[in-house]
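Q:
This is the structure in structure tokens:
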């Protein structure tokens, strides 16, 4: 599933990407599926988290550096179920 979104900075260094509920449902693996996320050609594995009534995937410092992005950047994201 591809989308265009903004990397949200949720704390001093914490960053993440909001995941629409319909994307989580379309993956068909429950509310906290393991996923592969690709940003600017850089792929990493993570798990969708439930936060504040919505869904989010974290983008830690290592993954931001690998993708060459930072909090506040608009990016194209590809997310797929990690099987």
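Numbering (my numbering), first residue to last: 1452 to 1534. We treat Cβ as the ideally placed atom computed from N, Cα and C, and that holds for glycine. Just so you know, these numbers come straight off a predicted model, no measurement behind them.
1) Take residue 1496 and list the residues in its own chain whose beta-carbon comes closer than 6 Å to its own, dropping the five residues that flank it on each side.
2) Under the DSSP definition of a beta bridge, which residues are partnered with residue 1454?
3) Is the beta carbon of residue 1465 less than 9 Å from the beta carbon of residue 1509?
4) For residue 1517, report the span of its alpha helix (DSSP H) as first-last.
5) Would you mind sorting residue 1484 into buried or exposed? The rule is 16 or more other CB atoms within 10 Å of its CB.
A: Inspection of the coordinates gives the following:
1) Cβ within range, chain order: 1487, 1533.
2) 1528
3) Contact flag set, yes.
4) 1512-1518
5) buried
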